[in-house]
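Notes to accompany the following structure.
Quick look at the structure:
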């Protein structure tokens, strides 16, 4: 029995999923999207506004509520725990991975193909990052991949098809409650294009199931939007128009912006590029039908994403699934035809293998020069990583020379596992801010509990500060003496010293207690992302005795 057999792949999959999504789960710093979700979930718990979410005291209707409900539930169980907040996202990463495995196995009826696709998928860095972030994207795409699997079974099988249609509708509804129509457009629609163009399921007797799917999907996915339109029709309409409009005029990029999509696959870039040579592979590849299907799905996804004016690199996340299937067809072909490869096949395999071997060989060296010498990596992490990487490097070199793709895939996954186990905590330190002094420190000040926090309404406040402070920081006109006096005692968060932000007449009437200057930048001062908006003074104001 090998790890690529039917009996062995669940063991391998479980091990690598556990490492990929759960090892050092709290090591990476939060970003703005994660801060927004957790802050909104936290206010659901503190204010009880589960159906009408708020973020820092203001209506937050831009995003569907399912991931935020989960964030709120986690906050009830483990208040203030970033690791706990990320566990559901990690579970969604596992769901997506398992369903991709099941779909690949169902399409090709081959365990080696399914396992290769899954391991490629697990070693794409974008998936690793999104599976460790308590945001919306991983939820909508994971639910949609599960829906696609059950929809495929329902379309091509007669047994239990009605049940599978209902389950697919449920999962699609959950996807819609996670991030609206995003996964429908970026993952489901390209899949349906490939399915109808190449496989064409017989629909006789299936339309009743399709109707059930639509009914269940609509009931689950649309009820919250209907509720909002009835309770807050003006605000909801404004938000819906704003969100749909942002697709056309926010972060707009040219249609060719995603030409570099193959870079999102990281270590598999060479094979993805090689797999695009459709004229060659259609004549030579072993899994011809699976190859054409995966390529069509990939290109349909790329074209549809390119048609949208708004473009961000993280929007390429759903493209990783069909890309993994595409690479897997090439890997299986190399595995079966390794002694019969022609010139292009040999060149592609060796170019891929030696590129990977070079990068892997550099990991311990870079760990020493960029980690040990700069004090961001300890010797234990460096040694343990090296002990994992060097044997894997030997396997990669041998697999390249002898054309053993399945051994190569396992070795690459092992390298990723070693980095995730031993190097991931150092990543945050390496790119962090050594001068950071977070406003989070104030959460331990017992004398500030129950005292409201405010900031000047003339200066926008970063939502990351609200997350770090663990409480609302509401806007207030600090020049309105009567208003300020009515809110005492209070804490103000200001860009400058309190005496520079407050009127002199007000300062004569209050006592001020400075808690110092805080720097919540996640990047050092030399980084282009260093932002003065994260530099603030915190001062307690109370009535003068």
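Numbering (full-length UniProt numbering), first residue to last: 1 to 545.
C-beta: ideal position from N, C-alpha, C; glycine also.
Owing to the predicted nature of the structure, the values given are computational and were not obtained by experimental measurement.
| Item | Value |
| --- | --- |
| Residue 234, buried or exposed, once every other Cβ within 10 Å from all chains shown has been counted against 16 | exposed |
| Residue 230 to residue 50 span [Cα, whole Å] | 16 Å |
| Check whether residue 242 and residue 136 have beta carbons under 7 Å apart | no |
| 8 Å CB neighbourhood of residue 341 in its chain, flanking five on each side removed | 334, 349 and 403 |
| Beta-carbon spacing of residue 523, residue 517 below 7 Å | no |
| As assigned by DSSP and simplified to three states, the class of residue 289 | helix |
| Supposed close pair residue 27, residue 425 - CB separation, criterion 8 Å | 4 Å |
| Residue 480 to residue 497 span [Cα, whole Å] | 18 Å |
| Distance between beta carbons of residue 141 and residue 317, contact taken as under 8 Å | 6 Å |
| Bounding residues of the beta strand (DSSP E) (the contiguous stretch that carries residue 539) | 535 to 543 |
| Best match in 366, 284, 358 and 352 for proximity to residue 337 [C-alpha to C-alpha] | 284 |
| Alpha helix (DSSP H) segment containing residue 91, residue limits | 82 to 108 |
| Own chain partners of residue 541 with C-beta closer than 7 Å, once the 5 adjacent residues on each side are dropped | 488, 489, 490, 492, 510 and 512 |
| Proximity test, Cβ basis, 7 Å: residue 492 and chain D | Of the protein chains in this structure there is only one, and it is not chain D. |
| Neighbourhood of residue 85 by C-beta distance below 7 Å, restricted to the same chain and skipping five residues each side | 38, 71, 74 and 134 |
| Distance, residue 457 Cα to residue 475 Cα | 5 Å |
| For residue 38: DSSP bridge partner residues | None; residue 38 has no bridge partner. |
| Residue(s) in a DSSP beta bridge with residue 510 | 543 |
| Distance between residue 211 and residue 414 (C-alpha atoms, nearest Å) | 45 Å |
| Sub-7 Å separation of residue 467 and residue 35 beta-carbons | yes |
| Local conformation of residue 531 per DSSP, three classes | coil |
| Local Cβ density within 10 Å of residue 501, reported as buried at 16 or more and exposed below that | buried |
| Spatial neighbours of residue 398 in its chain, beta-carbon cut-off 8 Å, leaving aside the 5 residues before and after | 404 and 407 |
| Which of helix, strand or coil DSSP assigns to residue 587 | No answer is possible for residue 587: it lies beyond the span of the chain, which begins at 1 and ends at 545. |
| Per-residue DSSP class, three states only, for residue 475 | strand |
| Residue 492, DSSP secondary structure in three states | strand |
| Pick from 175, 199, 206 and 400 that is closest to residue 164, judged by C-alpha positions | 206 |
| Residue 472, buried or exposed, once every other Cβ within 10 Å from all chains shown has been counted against 16 | buried |
| Residues near residue 175 by beta carbon distance below 6 Å, same chain, minus five either side | 140, 143, 144 and 183 |
| Span of the beta strand (DSSP E) around residue 456 | 453 to 456 |
| Strand pairing of residue 518, partner residues [DSSP] | 536 |
| Cα-Cα separation between residue 602 and residue 519, rounded to whole angstroms | The displayed coordinates of the chain run from 1 to 545. Any statement about residue 602 would go beyond what the structure contains. |
| N- and C-terminal bounds of the alpha helix (DSSP H) containing residue 130 | 125 to 130 |
| Where residue 32 falls, given that 16 or more other Cβ within 10 Å makes a residue buried | exposed |
| CA-to-CA distance, residue 527 to residue 536, given in whole angstroms | 19 Å |
| Secondary structure of residue 437, DSSP reduced to three states | strand |
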